[in-house]
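Residue numbers (the numbering used here): 4 to 69. These notes are about the structure you will find just below.
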């Protein structure tokens, strides 16, 4: 797994402390998916020509409001 994917997993994970040294990791699948889409969008923006329709369709397809 590459480092960027590991970073996105970390960003989508929160830790809840419950006292007595007990903590739980919560992985937010929806946030992870949105972070991936944003990364893909950034890659697309770097391409030429600028494919506005592709970005719009990608978010629409996955039901993510931009």
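Ideal placement from N, C-alpha and C gives every residue a C-beta, glycine not left out. Note that this is a predicted model, so its numbers are computed, not measured.
Extent of the continuous alpha helix (DSSP H) run through residue i
| i | result |
| --- | --- |
| residue 45 | 32-48 |
| residue 61 | 55-65 |
N-terminal and C-terminal residue of the beta strand (DSSP E) that residue i is part of
| i | result |
| --- | --- |
| residue 20 | 16-20 |
Beta-carbon separation (whole angstroms), residue i vs residue j, contact threshold 8 Å
| i | j | result |
| --- | --- | --- |
| residue 35 | residue 11 | 6 Å |
| residue 65 | residue 38 | So it is not a contact: roughly 12 Å between Cβ atoms. |
| residue 53 | residue 62 | The Cβ separation is near 15 Å, so there is no contact. |
beta-carbon residue i near the ligand NAD non-hydrogen atom, thresh 6 Å
| i | result |
| --- | --- |
| residue 17 | The ligand NAD is not part of this structure, which contains no ligands at all. |
Backbone CA spacing between residue i and residue j [nearest angstrom]
| i | j | result |
| --- | --- | --- |
| residue 8 | residue 23 | 32 Å |
| residue 20 | residue 47 | 39 Å |
| residue 33 | residue 15 | 8 Å |
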